[in-house]
Amino acid sequence: MRDPRYDILFEPMKIGPVTAKNRFYQVPHCNGGGYRDPSAAAEMRGIKAQGGWGVIFTEQCEMHHTSEITPFIELRLWEDKDIPQLRRMSEKMKTHGALAGIQLAYSGINGPNLYTKEVPLAPSALPIRTFTNDPVQARALSKAEIKDLRRWFVNAAKRSKEAGFDLICLYGAHGFGIFQHFLSRATNQRSDEYGGSLENRSRFVNEVIADMRDAVGDTMGITLRVSLDETIGELGFSNAEVRDFIEMNKDLPDLWDLAQGTWEDCSGPSRFKEEAAQEQLVRGIHELTDKPIVGVGRFTSPDVMAKMVKSGTLDFIGCARPSIADPFLPKKVEEGRIEDIRECIGCNICITGDMTMSISRCTQNPTFMEEWRKGWHPEKMNTKGDSDNVLIIGSGPAGLEAAWALCRRGYDVAVAEARDVIGGRVTRERLLPGLSAWGRVVDYRDYQLSQRPDVEIYRESPLTAEDVMEFGFQNVAIATGATWRRDGVSRQHVVPMPIAEGAKVYTPDDLMDGTVPGGNVVIYDDDHYYMGGVLAELLVKQGAKVTLITPSAFVSDWTNNTLEQATIHARLDEMGVDIVLNRGVTEIKADHVVSNCVYTGKTRSYEADAVVMVASREGNDGLYQDLLAREDDWADAGIRSVKLFGDAEAAGPIAWATYAGHRYARELDGEDIGDDLPFRREITELAAE
Numbered sequence: 001m002r003d004p005r006y007d008i009l010f011e012p013m014k015i016g017p018v019t020a021k022n023r024f025y026q027v028p029h030c031n032g033g034g035y036r037d038p039s040a041a042a043e044m045r046g047i048k049a050q051g052g053w054g055v056i057f058t059e060q061c062e063m064h065h066t067s068e069i070t071p072f073i074e075l076r077l078w079e080d081k082d083i084p085q086l087r088r089m090s091e092k093m094k095t096h097g098a099l100a101g102i103q104l105a106y107s108g109i110n111g112p113n114l115y116t117k118e119v120p121l122a123p124s125a126l127p128i129r130t131f132t133n134d135p136v137q138a139r140a141l142s143k144a145e146i147k148d149l150r151r152w153f154v155n156a157a158k159r160s161k162e163a164g165f166d167l168i169c170l171y172g173a174h175g176f177g178i179f180q181h182f183l184s185r186a187t188n189q190r191s192d193e194y195g196g197s198l199e200n201r202s203r204f205v206n207e208v209i210a211d212m213r214d215a216v217g218d219t220m221g222i223t224l225r226v227s228l229d230e231t232i233g234e235l236g237f238s239n240a241e242v243r244d245f246i247e248m249n250k251d252l253p254d255l256w257d258l259a260q261g262t263w264e265d266c267s268g269p270s271r272f273k274e275e276a277a278q279e280q281l282v283r284g285i286h287e288l289t290d291k292p293i294v295g296v297g298r299f300t301s302p303d304v305m306a307k308m309v310k311s312g313t314l315d316f317i318g319c320a321r322p323s324i325a326d327p328f329l330p331k332k333v334e335e336g337r338i339e340d341i342r343e344c345i346g347c348n349i350c351i352t353g354d355m356t357m358s359i360s361r362c363t364q365n366p367t368f369m370e371e372w373r374k375g376w377h378p379e380k381m382n383t384k385g386d387s388d389n390v391l392i393i394g395s396g397p398a399g400l401e402a403a404w405a406l407c408r409r410g411y412d413v414a415v416a417e418a419r420d421v422i423g424g425r426v427t428r429e430r431l432l433p434g435l436s437a438w439g440r441v442v443d444y445r446d447y448q449l450s451q452r453p454d455v456e457i458y459r460e461s462p463l464t465a466e467d468v469m470e471f472g473f474q475n476v477a478i479a480t481g482a483t484w485r486r487d488g489v490s491r492q493h494v495v496p497m498p499i500a501e502g503a504k505v506y507t508p509d510d511l512m513d514g515t516v517p518g519g520n521v522v523i524y525d526d527d528h529y530y531m532g533g534v535l536a537e538l539l540v541k542q543g544a545k546v547t548l549i550t551p552s553a554f555v556s557d558w559t560n561n562t563l564e565q566a567t568i569h570a571r572l573d574e575m576g577v578d579i580v581l582n583r584g585v586t587e588i589k590a591d592h593v594v595s596n597c598v599y600t601g602k603t604r605s606y607e608a609d610a611v612v613m614v615a616s617r618e619g620n621d622g623l624y625q626d627l628l629a630r631e632d633d634w635a636d637a638g639i640r641s642v643k644l645f646g647d648a649e650a651a652g653p654i655a656w657a658t659y660a661g662h663r664y665a666r667e668l669d670g671e672d673i674g675d676d677l678p679f680r681r682e683i684t685e686l687a688a689e
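Dropping the structure here:
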């Protein structure tokens, strides 16, 4: 039964001519599928409809071929041919009474047009702003082309209506949308009636919304997404000017969709952004307009959500990442099952799908984007196969996820953990600077498993192959994790690097076990994800003088994909870390390291009382290998299968581990598919010659 404190979250709310059944609003978010995987994207949105969301939006949808953001894979609504795949999505969205929304985007100065080869158009002639710094410039729209652009938006609105959508979001936030480009003095340097004063810079969006109202406004709600602050001072669209704009145009859209600054600002990871981090920027805006407001802030707590509404700050609770981590968040609140919510950990792995142009993942929800491809449902498991029990060895993210999924299928599960605490790498890493929210991966599964009579967890239980053979379990699942290498083997070194006798070399495991190297410490980062930067923070806080050396051109290079690389670099610089880029380490001496330029090979030395080696990890597969050596005895011991998975098989981010655990659980006792693909996919239809 629902707690009355949350009743306010379930009140119906009007958005222009349509009404949302509650205040849970899934704002537009990417998924790595877009036009390439339309059924996968549609089913993912449909699952959220089942989960109780009142409003569900697509990701960014390119509304005209003269502005596209290849290589990134979003939706497209360039012509009538695109309507059927979008209609499939809107139909899925509306299956349980949600409003279906489409976000129309014209990328302007962010659209390099690498696919269409069209000349980019923007309010003013400036270089294209993309993640990849494409050497392309946009030219300024003529007044005639502005009229064309208005017509293109109307055409897109009509197609959106035909595709079955209830809402249109005009994208003018994160620096990505043409409406922000007109509104901001940083990107609008025109001297005609579309530039200069705020009134003039507001002209284009006013014209487009008026045009759309005439075309579809009697049946579709029109929302406008704008950035709360470009965070570039008075030159840009500041929070003060946003407030002036809203006050000046208080009745312009049917709903104001407010999002902070750049995408990096808006979707900052939990390492740097707390829940409701944008509250100060939104507070008071409702006094300027009577139209409803939706805002974001990685909301995971129903108490915080209710507070945002009761305080008059927001009318709708906007969620992207939390809706991915738990598509059934609204339904769980409604049913009084708060403890069952899979809270987003703010790792931003979901965003990497968009940045790497691949099907996206979620650390907490391994079924994300597999709803259609593999038929995985976040709340329902396939039925049990013909065996009855499973022994899982290792209680890290892979082992815990496997246990949670297997018991829901109907298996009896035992988990053996060698340490006195469960959680594996997550339990250790959650204690590092900024990573406490990542502990939710363990907390959620620990609680859920504690409620199950068919799961037993045995701590301080290291097992040998002989032990396993004696237990009589039918299925043995080995998820024993991985250990950081001390010898430097990774990308620069495919064999161990020279390390002098007497050199003090530590690994991330040593530091997480409590070792505190002091003095001049060199961190060699050939891993390129978060660990090197996090350990630099840890060591500085413990009093060390830190030099971070990496062969990459960026600190924590891969975190460009999680939108935190720039923040990591800035923080380390502010803390006094000496950041050395484009250099490797060729040799470790007792009191220094020898570093080489990755381009010229020229070497120099850096003083080092200790070296922290952030290189690669080795899977802890010794038990697995011992069991394989006794495979001939499995049948006599009652063993039907032995499987290695997670970091023990091949180390990766935590999301890879939870996915591996879930996949193992789904596929246990499954039929042999031979050489068939283990997922569905869609392919491009051949046109007539």
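With UniProt numbering applied, the sequence shown has no gaps in its numbers, which climb one by one up to 689 at the end.
By construction, the Cβ of each residue, glycine as well, lies at the ideal position given by its N, Cα and C atoms.
From a predicted model like this one, the values you see are computed outputs, not experimental measurements.
Residue i Cβ short of 7 Å to the ligand ADP heavy atom set
i	result
residue 95	With respect to small molecules bound, the structure shown includes none, and the ligand ADP cannot be examined in it.
Local Cβ density within 10 Å of residue i, reported as buried at 16 or more and exposed below that
i	result
residue 677	exposed
residue 267	buried
residue 26	buried
residue 352	buried
residue 142	exposed
residue 679	exposed
residue 47	buried
residue 296	buried
residue 526	buried
residue 362	buried
residue 240	exposed
Residue i versus the options, residue with shortest Cα-Cα distance
i	options	result
residue 207	6, 267, 165 and 151	151
residue 503	468, 478, 609 and 160	609
residue 283	306, 272, 262 and 312	312
residue 642	17, 628 and 303	628
residue 5	257, 89 and 333	333
residue 131	112, 119, 122 and 148	112
residue 472	573, 226, 639 and 381	639
residue 611	620, 589 and 39	589
residue 64	263, 409 and 118	118
residue 257	664, 228 and 140	228
residue 37	81, 78 and 89	89
residue 698	249, 92 and 59	Within the shown structure, residues of the chain are numbered from 1 to 689, placing residue 698 beyond reach of any answer.
residue 667	543, 645 and 220	645
residue 465	634, 108 and 218	634
N- and C-terminal bounds of the alpha helix (DSSP H) containing residue i
i	result
residue 152	143-162
residue 323	321-325
residue 200	198-201
residue 239	239-248
residue 565	565-574
residue 353	349-355
Cβ neighbours of residue i in the same chain (closer than 8 Å, five flanking residues each side left out)
i	result
residue 592	605, 606, 607 and 608
residue 13	19, 20, 22, 23, 54, 292, 315 and 316
residue 158	215 and 216
residue 693	Residue 693 lies beyond the range of the chain shown here (1 to 689); nothing can be said about it.
residue 648	394, 398, 478, 479, 480, 481, 482, 619, 620, 621 and 624
Contacts around residue i, its chain only, beta-carbon distance under 6 Å, and the 5 residues preceding and following it disregarded
i	result
residue 656	none
residue 355	561
residue 360	31, 32, 350, 353 and 369
Span of the beta strand (DSSP E), counted from its first residue to its last, around residue i
i	result
residue 664	Not the beta strand (DSSP E): residue 664 falls in the alpha helix (DSSP H), residues 654-667.
residue 25	24-26
residue 92	Not the beta strand (DSSP E): residue 92 falls in the alpha helix (DSSP H), residues 83-93.
residue 57	55-62
residue 404	From DSSP, residue 404 is part of no beta strand (DSSP E) but of the alpha helix (DSSP H) over 397-409.
residue 421	Where residue 421 is concerned, there is no enclosing beta strand (DSSP E), given that its DSSP letter is neither H nor E.
residue 14	13-15
residue 18	18-20
Cβ shell of residue i (< 7 Å), same chain only, five flanking positions each side left out
i	result
residue 540	546, 575, 576 and 577
residue 370	376
residue 538	432, 433 and 511
residue 50	96
residue 358	32
residue 365	324, 325, 326, 342 and 378
residue 103	28, 57, 58, 59, 60, 61, 169 and 171
Mind pulling the alpha helix (DSSP H) runs of 4 or more residues that sit fully within the segment 499-556? 508-512 and 531-541
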